[in-house]
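Here is the structure we will look at, set down as structure tokens.
In the working numbering, the protein residues as written are 5 to 220.
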């Protein structure tokens, strides 16, 4: 990530850290509570072992993993490239006295082999969307080189368990069909989550999509 992006996200989470200290507000939940509920529901339906190694990419305030901890999962790891986000997530989990969750500052695009072990479940709620908007993406495309989007897919494939791994992603910028196309070199479609649909201009769709993949 560029320094400007680091600084902007750190500034956001610096404010949310202050809000948490002052009034106990954990901050914004990306894509709303419904997306968290849908992802947690999918995990509980597809992952039965509470000791399953689960990582949340771009964990922000850590809310998604807190919800999974409430469901009994014991090996939860959140990573974010913003140190301020990690500070906030650690403060929240400490204040709530929840065990089995850890958070670390990691830039997995720059360091794709950062992990100590592979993960059976990889979660993403909005991080691929943010990376897709990286200014380096267009320049890499012009030069015929892998951009941040392509590096993301390679990094996720590196960290996931190749035998039984599951990758669950929620996006508001990409359709399910586009995600399947973008990930097809390293992942195959597993399942998807249903959301309420709306109709506009003769088209039917939903505001966000959640899609699960298996590594190939």
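No residue lacks a Cβ here, since even glycine has one placed at the ideal position from N, Cα and C.
Taking the CA atoms as reference points, residue 152 sits about 21 Å from residue 213. In the DSSP assignment, residue 173 falls within the unbroken beta strand (DSSP E) covering 170-175. For residue 140, the enclosing alpha helix (DSSP H) covers residues 140-147. Inclusion of residue 106 and residue 81 in the CB contact set at 8 Å is warranted, their separation being smaller than that value.
For a cut-off of 8 Å, the C-beta gap from residue 62 to residue 79 is around 19 Å, too long to register as a contact. Contact between residue 157 and residue 187 holds, since their C-beta atoms are separated by about 6 Å, short of 8 Å.
In the DSSP annotation of this structure, the continuous segment of the alpha helix (DSSP H) that includes residue 95 starts and ends at 87-100. With contacts defined by Cβ atoms closer than 8 Å, residue 164 and residue 200 do not form a contacting pair. Note on residue 65: 16 or more other CB atoms within 10 angstroms of its CB, so buried under the neighbour-count rule. In the three-state reduction of the DSSP assignment, residue 135 falls in the helix class. Per the DSSP secondary-structure output, residue 196 pairs in a beta bridge with 215. Taking the Cβ atoms as the reference, residue 102 lies roughly 39 Å from residue 144, outside the contact range of under 8 Å. In this structure, DSSP gives residue 70 a helical state, which the three-state scheme calls helix.
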